[in-house]
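Visitor: One structure, pasted below without further comment.
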Amino acid sequence: MKKLRVGILGATGTVGQRMIQLLERHPWFEVSAVAASDNSAGKNYAQASRWMLEMPIPEPVASMTVQPCQPGLDCDFVLSGLPSSVAEDTELQLAKAGMPVVSNASSHRMKPDVPLLIPEINPDHLDAVELQKKRIGSRGFIVTNPNCSTIGLVFPMAALDRKFKLEAVHVVTMQALSGAGYPGVASLDIIDNVLPAIDLGGEDHKIETEPLKILGRWRNNQFANAPIRISAMTHRVNVRDGHLEAISVQLATKATREDVEGAIRDFTSPIDELGLPSAPRPVMLLESHIQRPQPRLDRDRSQGMAVVVGPVSPCAVLDYKFRVLSHNTIRGAAGAAILNAELMYRKGLIG
Ligand SMILES: NC(=O)c1ccc[n+]([C@@H]2O[C@H](COP(=O)([O-])OP(=O)(O)OC[C@H]3O[C@@H](n4cnc5c(N)ncnc54)[C@H](OP(=O)(O)O)[C@@H]3O)[C@@H](O)[C@H]2O)c1
Numbered sequence: 001m002k003k004l005r006v007g008i009l010g011a012t013g014t015v016g017q018r019m020i021q022l023l024e025r026h027p028w029f030e031v032s033a034v035a036a037s038d039n040s041a042g043k044n045y046a047q048a049s050r051w052m053l054e055m056p057i058p059e060p061v062a063s064m065t066v067q068p069c070q071p072g073l074d075c076d077f078v079l080s081g082l083p084s085s086v087a088e089d090t091e092l093q094l095a096k097a098g099m100p101v102v103s104n105a106s107s108h109r110m111k112p113d114v115p116l117l118i119p120e121i122n123p124d125h126l127d128a129v130e131l132q133k134k135r136i137g138s139r140g141f142i143v144t145n146p147n148c149s150t151i152g153l154v155f156p157m158a159a160l161d162r163k164f165k166l167e168a169v170h171v172v173t174m175q176a177l178s179g180a181g182y183p184g185v186a187s188l189d190i191i192d193n194v195l196p197a198i199d200l201g202g203e204d205h206k207i208e209t210e211p212l213k214i215l216g217r218w219r220n221n222q223f224a225n226a227p228i229r230i231s232a233m234t235h236r237v238n239v240r241d242g243h244l245e246a247i248s249v250q251l252a253t254k255a256t257r258e259d260v261e262g263a264i265r266d267f268t269s270p271i272d273e274l275g276l277p278s279a280p281r282p283v284m285l286l287e288s289h290i291q292r293p294q295p296r297l298d299r300d301r302s303q304g305m306a307v308v309v310g311p312v313s314p315c316a317v318l319d320y321k322f323r324v325l326s327h328n329t330i331r332g333a334a335g336a337a338i339l340n341a342e343l344m345y346r347k348g349l350i351g
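All residue numbers for the sequence shown refer to my numbering, where the first residue is 1 and numbers rise by one.
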């Protein structure tokens with residue numbers, strides 16, 4: 001099979017580096033272009049990037065020249081790890097020039113015709129792309145993946161909403177340092193400390209709103225949000241990778257603890273039969289020990305693509321409570337974008 005050529009926007013950053021690492025031996029895609037800011041453009045990738053991963057830079061990429069993030073990149077589609085402030089215009093410019101854009105940034109996530117995609121949960125939301133193409137007036141389009149904490153949260157939400165209908169969710173996050181990009185949080189702010197309200201509460205808002213779009217429906221050419229109340233409180237903690245979340249849920253129908261654990265354990269996805277290379281099976285792993293999941297021990301399970309859920313116990317305020325862990329730069333960013341692209345390829349939207 002001739003591989004599709006991928007351009008990486010924000011290739012020198014935390015998410016861009018993960019994309020390059022995860023694509024090194026990808027059976028369908030290969031990196032053909034790397035792009036970043038004017039500070040990096042013109043340098044070769046090894047010089048321009050401050051490579052932070054344990055394995056060496058994949059050889060063909062190390063010697064590539066970093067390009068500016070603009071139309072004309074030599075690729076079939078782009079994966080974007082750009083900051084939101086830059087992604088807003090740059091991604092739209094590329095889409096208008098005919099390029100499919102798979103983005104990690106928040107800028108386009110909540111637009112009324114942009115899929116906020118998790119292949120295992122809402123693959124049908126890709127139908128919105130046709131309407132978006134008409135608006136943009138191009139063959140190009142933008143598909144986004146959610147915030148890195150939204151992704152971990154929304155898997156058990158999807159399982160429980162499907163079986164019992166969810167009424168309310170309360171979530172407290174403990175988010176890793178790599179989630180803030182490089183160089184991220186100053187060491188003197190985070191050593192011996194926990195920082196509440198990431199992005200001055202902007203992160204709380206994303207986690208309270210994105211799941212409603214993801215679990216909602218695409219019908220009559222618009223998204224209808226799921227009717228669930230969510231309250232979120234976010235924190236940056238002194239962990240390198242892996243976001244841990246403490247979640248309480250209220251269900252519309254009565255369920256036992258065993259029913260709730262069964263719904264999580266038995267969750268199946270509409271893409272299970274598609275054979276997407278980055279899709280973990282099962283996608284949710286239910287732990288039985290009360291002191292799991294832990295970031296250091298559980299973030300790399302299923303190559304960092306699984307969502308690890310701790311044991312369920314009764315909640316004295318809502319109905320049930322449990323913890324969830326997901327790898328923020330893999331399942332929450334680079335791996336999520338690659339999985340989105342795999343589904344788009346299978347559905348004939350790219351390539
Ligand atoms: N880190 C995570 O866990 C995570 C998870 C989910 C989503 N995200 C989202 O993914 C995006 C990237 O995050 P990150 O953590 O990888 O950030 P990062 O480490 O700060 O990297 C930012 C990248 O964007 C490039 N860039 C910055 N300004 C630019 C400009 N004006 N024009 C072109 N390129 C520019 C940088 O290039 P230079 O090196 O040349 O400056 C670098 O490659 C953000 O939107 C973030 O919210 C991150």
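Beta carbons are placed, not taken as given, at the ideal position from N, Cα and C, and that holds for glycine.
Nothing here was measured: the structure is a model prediction, and the numbers come from that model.
Cutting at 8 angstroms between CB atoms, please list the residues of its own chain near Gln93, excluding the five before and the five after it.
Guide: Within the same chain, Gln93 has close Cβ partners Gln70 and Pro71.
Visitor: Helix, strand or coil for His170, going by three-state DSSP, please let me know.
Guide: If DSSP states are grouped into helix, strand and coil, His170 belongs with the strands.
Visitor: Excluding the 5 residues preceding and the 5 following Asp204 in the sequence, name in chain order all residues of the same chain whose CB lies nearer than 7 angstroms to its CB.
Guide: Ala197, Ala232, Met233 and Thr234.
Visitor: In the DSSP assignment, what are the bridge partners of Pro314?
Guide: BP columns for Pro314 point to Tyr320.
Visitor: For the alpha helix (DSSP H) containing Pro156, name the first residue and the last one.
Guide: From DSSP, the alpha helix (DSSP H) with Pro156 extends over Cys148 to Phe164.
Visitor: Quick check on DSSP: helix, strand or coil for Met110?
Guide: Coil.
Visitor: For Ala333, verify whether its CB is less than 7 angstroms away from any heavy atom of ligand 2.
Guide: Looking for ligand 2 in the displayed structure turns up nothing; the ligands present are ligand 1.
Visitor: Can you check whether the CB of Val66 is closer than 8 angstroms to the CB of Ala105?
Guide: In this structure, Val66 does not lie closer than 8 angstroms to Ala105 by Cβ.
Visitor: If you run the structure through DSSP and keep just helix, strand and coil, what is Ala95?
Guide: The answer is helix: DSSP assigns Ala95 an H, G or I state.
Visitor: To the nearest angstrom, how far is it from the Cα of His243 to the Cα of Leu349?
Guide: About 31 angstroms.
Visitor: Straight-line CA distance for Phe223 to Pro112?
Guide: Approximately 7 angstroms between the Cα atoms of the pair.
Visitor: Please say whether Val308 and Asp298 have beta carbons closer to each other than 8 angstroms?
Guide: Yes. Within cutoff.
Visitor: For a quick check, are the C-beta atoms of Pro119 and Leu276 less than 8 angstroms apart?
Guide: Cβ atoms of Pro119 and Leu276: closer than 8 angstroms.
Visitor: Measure the beta-carbon distance from Phe210 to Arg109 and round it to whole angstroms, keeping in mind my assumption that it falls under 8 angstroms.
Guide: This sequence places Glu at residue 210; Phe is not what is there. About 7 angstroms; that satisfies the 8 angstroms criterion.
Visitor: Cutting at 6 angstroms between CB atoms, please list the residues of its own chain near Gln21, excluding the five before and the five after it.
Guide: These residues qualify, in order along the chain: Leu53.
Visitor: Between Leu153, Val239, Asn147 and Asp161, which has its C-alpha nearest Pro190's C-alpha?
Guide: The displayed chain sequence assigns Ile, not Pro, to residue 190. Ranking Leu153, Val239, Asn147 and Asp161 by Cα distance to Ile190 puts Val239 first.
Visitor: In whole angstroms, what is the alpha-carbon distance linking Ser49 and Val249?
Guide: Distance between the alpha carbons of Ser49 and Val249 is about 42 angstroms.
Visitor: Can you say whether Gln47 is buried or exposed, counting buried as having 16 or more other CB atoms within 10 angstroms of its CB?
Guide: Counting Cβ neighbours within 10 Å, Gln47 comes out exposed, since fewer than 16 surround it.
Visitor: Specify whether the region 138-147 and the region 279-295 touch according to this definition: at least 3 beta carbon pairs, one from each stretch, less than 8 angstroms apart.
Guide: Cβ pair count under 8 angstroms is below three, so no.
Visitor: Whole angstroms are fine: how far does the CA of Gly81 sit from the CA of Leu352?
Guide: With the chain running from 1 to 351 in the structure shown, residue 352 is simply not present.
Visitor: Lys347 and Leu126 - do their beta-carbons sit closer together than 8 angstroms?
Guide: For Leu126 and Lys347, yes; Cβs fall inside 8 angstroms.
Visitor: Quick one: what's Thr144 bridged to in DSSP?
Guide: Answer by DSSP bridge pairing, in chain order: Ser103 and Leu116.
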